[in-house]
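Here the numbering used here runs 6 ahead of the position in the sequence shown, where the first position is 1.
See below for the structure under consideration.
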Amino acid sequence: MTKIKICGMRRKEDILMANTCRPDYVGFVFAKSPRQLGIDGALELKKALDPEIQAVGVFVNEYPEVIETLCESHIIDMVQLHGDESAEYIQRLKEKVEVPVIKALRVRDRQQIRKGAELPCDYLLLDTYTKGMYGGSGKTFDWHLIPPIGKPFFLAGGLKESNAGEAIAAASPYAVDVSSAVETDGYKDFEKVKRFIERVRAYE
7 MTKIKICGMR RKEDILMANT CRPDYVGFVF AKSPRQLGID GALELKKALD
57 PEIQAVGVFV NEYPEVIETL CESHIIDMVQ LHGDESAEYI QRLKEKVEVP
107 VIKALRVRDR QQIRKGAELP CDYLLLDTYT KGMYGGSGKT FDWHLIPPIG
157 KPFFLAGGLK ESNAGEAIAA ASPYAVDVSS AVETDGYKDF EKVKRFIERV
207 RAYE
């Protein structure tokens with residue numbers, strides 16, 4: 007069954023929504039973004055989150071010590087690196103934290119994905135390449151670019167209720183990741199979250 011991640015949670019209402027709609031993962035964005043959280047805010051959200059739902063911390067070129075603190079405090083259950091982090095950075099981080107690490111790639115071509123699969127991370131996240139942006143473009147990429155790789159991956163970039171089934175059929179991801187498509191006026195929308203999750207679950 008394809009897992010589901012709802013990214014960019016930032017209000018208590020978002021967490022209550024997640025507890026009702028039951029995604030597998032929620033994303034806490036610590037990188038500069040309209041959805042950015044501080045440590046204290048993330049802690050409050052984590053306390054309210056159903057323990058069966060895992061919290062993923064999203065970072066862009068962050069100091070490893072900051073990530074270590076969040077992991078040690080059990081504020082996040084997984085790490086998502088969405089910047090220019092090298093294989094060496096990932097390896098050093100994995101020696102310090104005991105949680106799975108996701109490395110995001112902004113997809114340009116198949117060879118990039120093949121090389122990404124060699125990184126010492128636990129999962130990849132395949133997102134749309136947009137110049138000057140580290141994610142959150144709301145645009146899809148050609149899912150047929152994804153070659154067979156021996157590493158599970160999250161599929162992101164422009165996913166929404168209307169194309170979720172097509173994306174799963176084309177790419178066979180471990181998980182799908184959505185943010186802006188389940189928002190109204192910049193905030194998570196219960197009905198959109200609910201419909202997206204229902205569409206993915208129904209595809210199975």
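Ideal placement from N, C-alpha and C gives every residue a C-beta, glycine not left out.
All figures in this text were calculated on a predicted structure; none of them were measured in a lab.
Practice task
Report all residues from its chain with a CB closer than 7 Å to the CB of A173; omit the five preceding and five following residues, and keep chain order.
Solution key: Here residue 173 corresponds to residue number 167 of the sequence shown, with the count starting at 1. W149, L161, L165, V182, listed in sequence order.
Practice task
Over the uninterrupted alpha helix (DSSP H) stretch that includes L1, give me the two end residues.
Solution key: Residue 1 is absent from the model: the chain starts at 7 and stops at 210.
Handout entry: Three-state secondary structure assigned by DSSP to L76
Key = As a first step, residue 76 is located in the sequence shown; it is residue number 70 there, counting from the start. Helix.
Handout entry: 8 Å contact criterion, which I119 and L132 should meet: CB distance rounded
Key = Along the sequence shown, one-based indexing puts residue 119 at 113. Along the sequence shown, one-based indexing puts residue 132 at 126. With a Cβ gap of about 7 Å, I119 and L132 count as contacting.
Problem - Integer Cβ distance of A61 from V32, believed to fall under 8 Å - result: Along the sequence shown, read from residue 1 onward, the residue named residue 61 stands at position 55. Along the sequence shown, read from residue 1 onward, the residue named residue 32 stands at position 26. Yes, A61 and V32 are in contact; Cβ-Cβ is about 6 Å, under 8 Å.
Problem - Residues bridged to T134 (per DSSP) - result: As a first step, residue 134 must be located in the sequence shown, where it is residue number 128. T134 pairs with V113.
Practice task
For Q86, count neighbouring Cβ atoms within 10 angstroms of its own Cβ and tell me buried if that reaches 16, exposed if not.
Solution key: For the purposes of this step, residue 86 is identified with residue 80 of the sequence shown, where counting begins at 1. Its Cβ being crowded by 16 or more others within 10 Å, Q86 is buried.
Exercise for the section: Indicate the three-state DSSP secondary structure (helix, strand or coil) for Y69 in the structure shown. Expected result: Within the sequence shown, numbered from 1, the residue matching residue 69 stands at position 63. In this structure, Y69 counts as coil in the three-state DSSP scheme.
Handout entry: 8 Å contact criterion, which K102 and P70 should meet: CB distance rounded
Key = Within the sequence shown, the letter at position 96 stands for residue 102. Within the sequence shown, the letter at position 64 stands for residue 70. Confirmed, Cβ separation roughly 6 Å.
Exercise for the section: For my contact list, A159 and Y180 are in at a C-beta cut-off of 8 Å; report their separation, rounded to the angstrom. Expected result: Counting from one through the sequence shown, the residue named residue 159 turns up at place 153. Counting from one through the sequence shown, the residue named residue 180 turns up at place 174. Residue identity check: residue 159 is Phe in the sequence provided, not Ala. Between Y180 and F159 the Cβ distance is about 6 Å, and since that is below 8 Å, they are a contact.
Exercise for the section: For M7, count neighbouring C-beta atoms within 10 Å of its own C-beta (all shown protein chains included) and say buried if the count is 16 or more, exposed if not. Expected result: In the sequence shown, the residue the question calls residue 7 occupies position 1. The residue in question, M7, is exposed, as its Cβ has fewer than 16 Cβ neighbours within 10 Å.
Handout entry: One or two residues paired with A181 in a DSSP bridge
Key = Walking along the sequence shown from the start, residue 181 turns up at place 175. Looking at the DSSP assignment, A181 forms a beta bridge with K9, F160.
Problem - For C13 and G89, the rounded distance between their alpha carbons - result: To locate residue 89, count along the sequence shown from 1; it is residue 83. To locate residue 13, count along the sequence shown from 1; it is residue 7. For the pair G89 and C13, the Cα-to-Cα distance works out to about 16 Å.
Handout entry: I21 versus I10, E50, K9, G44, residue with shortest Cα-Cα distance
Key = Within the sequence shown, the letter at position 15 stands for residue 21. The shortest C-alpha to C-alpha distance from I21 to any of I10, E50, K9, G44 is the one to E50.
Problem - Classification of T134 by the beta-carbon crowding that lies within 10 angstroms, buried from 16 upward - result: Position 128 of the sequence shown holds residue 134. Under this definition T134 is a buried residue.
Problem - Closest residue to N169 among I152, K157, L111, F147 (Cα-Cα distance) - result: Here residue 169 refers to the residue found at position 163 of the sequence shown. That would be F147, whose Cα lies nearest to the Cα of N169.
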